[in-house]
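Chemist: Plus 768 on top of the position in the sequence shown (first one is 1) and you've got the working numbering.
All C-beta atoms, glycine included, are put in the ideal place defined by N, C-alpha and C.
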Amino acid sequence: MTDKHRLGLAAALAALALVAAGCGSDGDGGGGDGSGDDGLGSLTVAVGTAQTFEFLPAEFGLDLGVWEERGLQVENLYVQGSGQVAQAIAAGEADIGVTAGASGVDAILSGVESKIVGLIGADFRMMVLVVPEGSAIQSIDDLQDTVVGVTSAGSLTDYLARTITVHQGWPEDAIQRANIGGLSEQLAALESGATDAFVWSVEAGFALEEEGSGQVLLDFGQIVTENVFEDIVASQPAIDEREDAVRAYLEGWYETVRHMKDNRDETVAVMVEEFEVSENVAAKTYDHDIDNLSTDGTIPQANLEGLAQSVVEQGIADEVPAIDVFWDDRFVPVDG
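1) Between the alpha carbons of ALA942 and ILE991, how many angstroms are there, rounded?
2) Return the chain-ordered list of same chain residues with a C-beta closer than 7 Å to the C-beta of ALA1076, the five sequence neighbours on each side being excluded.
3) Once DSSP output is grouped into helix, strand and coil, what is the label at GLU1011?
4) Go through its chain and collect everything with a Cβ distance to ASP1103's Cβ below 7 Å, but skip five positions before and after it.
5) So ALA965 is in the alpha helix (DSSP H); what residue range does that whole segment cover?
6) Which partner residues of GLY889 appear in the DSSP bridge assignment?
7) Just to confirm, is the Cβ distance from THR812 to ALA875 under 7 Å?
8) Per the DSSP calculation, TRP1095 is bridged to which residue(s)?
9) Relative to the alpha-carbon of SER969, which residue among GLU881, GLU822, ALA814 has its alpha-carbon at the smallest distance?
10) Checking the sheet assignment: what are the DSSP bridge partners for PRO900?
11) Counting C-beta neighbours from all protein chains within 10 Å, is the total for ALA854 16 or more, i.e. buried, or is it exposed?
12) Where does ALA862 sit, in a helix, a strand or coil, going by DSSP?
13) Mapping DSSP to helix, strand and coil, what is ALA1090?
14) With C-beta atoms as the reference, is VAL885 less than 7 Å away from ALA972?
15) What number of angstroms, rounded off, separates the C-alpha of PRO1005 from the C-alpha of PHE1099?
16) Take ILE888 as the anchor and find which of THR1063, ILE1084, VAL1080, VAL1079 has the nearest alpha-carbon.
17) Relative to the alpha-carbon of THR817, which residue among GLY809, SER810, ALA826 has its alpha-carbon at the smallest distance?
18) Suppose the cutoff is 7 Å on Cβ atoms and the five residues either side in sequence are ignored; what does the same chain contact list for VAL1049 look like?
19) Is it right to say GLY1020 is buried, meaning 16 or more other beta carbons lie within 10 angstroms of its own, or is it exposed?
20) So, at 8 Å on beta carbons, what are the nonlocal neighbours of LEU1134 in its own chain, with the 5 sequence-adjacent residues on each side left out?
21) Determine the burial state of VAL934: buried for a count of at least 16 other Cβ atoms within 10 Å of its Cβ, exposed for fewer.
22) Using only the heavy atoms of the ligand SAH, determine whether one of them is closer than 6 Å to the beta carbon of LEU830.
23) Kindly confirm or deny that the region 1008–1016 and the region 922–934 touch, where touching means at least three C-beta pairs closer than 8 Å.
24) Please go through the same chain and pick out, in chain order, the residues whose beta-carbon is closer than 7 Å to the beta-carbon of ALA1070, but skip the five residues on each side of it.
25) What alpha helix (DSSP H) runs, 4 residues minimum, are completely inside the region 922–948?
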């Protein structure tokens, strides 16, 4: 990554670590407490966003009681994005993180003592390119010389917009990337004509299609292959000192995923309630993404290598990191 980015993130995380150390003088860390005879104790899980399908097991698993039956108490800490997941782990406020693949590696390379311990989903089909309803852009070939909205420079959406030019063999400036911000800003830019398309999650794309204001042109699973979209990370103290609790969390997560795959109607109903979307959007999202959810946490070697390479392509690192720097395979495969 650039020196400015690396130093800025490292400084922020170091400051958080100092705050955590000061707050933890009573011996009970900000995350779960594994002491005592109360089963496996508790874990705090930082969840990168409350409204995305592939993170749904974090809440659905609580409703199903998958962790309680294993003697593990779980509390979800909902934050805004993968950067705040890293901050929560660095500050000792969370033991586990549910996050984007490259963001987890970014945090580890920046000094957050943690490792990826399980796969959520490898395929990037969760992310889509949205164009206005009735747009002249009808295929990926029509995207040359257009303006595509992304959240910010160096973000996942920025990386994905760049992958289009690589995939097509175009020069990088064939698509202009505009740093627009959040979803409401993306919609305003699209409506005004400031942008021709934008990168976002599939739920939003399907919702825009339903209301007639946009359409999904493509999903990035068609472009990005052999990589890691989202994963579960654990703090190094949790891995070293509470391995049984981490293992129990993963067992409960993948039991929840298997339940979701076996119970479509129930899962769609939960999505309607949790995400506040229509049944139609929930059902389309389920059908689009359910096969992407891992049931045992294993990450294929090719995907690990692709993830390591992608952090260089995204400007997170200057050199491809060794896989064992960010991946701990002791917990997978999780038996079903």
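Modeler: In short, the structure shows the following:
1) On the sequence shown, position 174 is the one that residue 942 refers to. On the sequence shown, position 223 is the one that residue 991 refers to. Roughly 17 Å between the two C-alpha positions.
2) Working through the sequence shown from its first residue, we reach residue 1076 at position 308. For ALA1076, where only same-chain residues beyond five positions count, the Cβ hits under 7 Å are VAL1088, PRO1089, ILE1091.
3) For this step, residue 1011 is matched to residue 243 along the sequence shown. It is helical.
4) Stepping through the sequence shown from its first residue, residue 1103 is reached at position 335. Taken in chain order, the list of residues that qualify is empty.
5) In the sequence shown, residue 965 corresponds to position 197, counting from 1. Where ALA965 is concerned, there is no enclosing alpha helix (DSSP H), although the beta strand (DSSP E) it sits in stretches over 965–969.
6) As a position in the sequence shown, residue 889 is number 121, starting the count at 1. Paired residue(s): GLU998, LEU1061.
7) Position 44 of the sequence shown holds residue 812. Position 107 of the sequence shown holds residue 875. No, the Cβ-Cβ distance between THR812 and ALA875 is not below 7 Å.
8) Taking the first residue of the sequence shown as 1, we reach residue 1095 at position 327. Looking at the DSSP assignment, TRP1095 forms a beta bridge with ILE884.
9) As a position in the sequence shown, residue 969 is number 201, starting the count at 1. The shortest Cα separation from SER969 among GLU881, GLU822, ALA814 belongs to GLU822.
10) Within the sequence shown, numbered from 1, the residue matching residue 900 stands at position 132. Per DSSP, GLY982.
11) In the sequence shown, residue 854 corresponds to position 86, counting from 1. Label assigned to ALA854: buried.
12) Taking the first residue of the sequence shown as position 1, residue 862 is located at position 94. ALA862 falls in the coil class under three-state DSSP.
13) As a first step, residue 1090 is located in the sequence shown; it is residue number 322 there, counting from the start. Three-state DSSP puts ALA1090 in coil, outside helix and strand.
14) Here residue 885 corresponds to residue number 117 of the sequence shown, with the count starting at 1. Here residue 972 corresponds to residue number 204 of the sequence shown, with the count starting at 1. Against a cut-off of 7 Å, the Cβ pair of ALA972 and VAL885 comes out as no contact.
15) By 1-based counting over the sequence shown, the position of residue 1005 is 237. By 1-based counting over the sequence shown, the position of residue 1099 is 331. Going from the Cα of PRO1005 to the Cα of PHE1099 covers about 15 Å.
16) Counting from 1 along the sequence shown, the entry for residue 888 is found at position 120. Comparing Cα positions, the closest option is THR1063.
17) Along the sequence shown, one-based indexing puts residue 817 at 49. Residue ALA826 is the option with its Cα nearest to THR817.
18) The count along the sequence shown starts at 1 and reaches residue 1049 at position 281. Excluding sequence neighbours, VAL1049 sits near GLU971, PHE974, ALA975, GLU978.
19) Counting from 1 along the sequence shown, the entry for residue 1020 is found at position 252. Buried, since its Cβ has 16 or more Cβ neighbours within 10 Å.
20) Residue 1134 is absent from the structure shown; the chain starts at 769 and stops at 1104.
21) To locate residue 934, count along the sequence shown from 1; it is residue 166. Label assigned to VAL934: exposed.
22) You won't find the ligand SAH in this model; it holds no ligand whatsoever.
23) no
24) Here the question's residue 1070 lines up with position 302 in the sequence shown. Closer than 7 Å at the Cβ level, and outside the excluded window around ALA1070, lie GLU994.
25) 924–936
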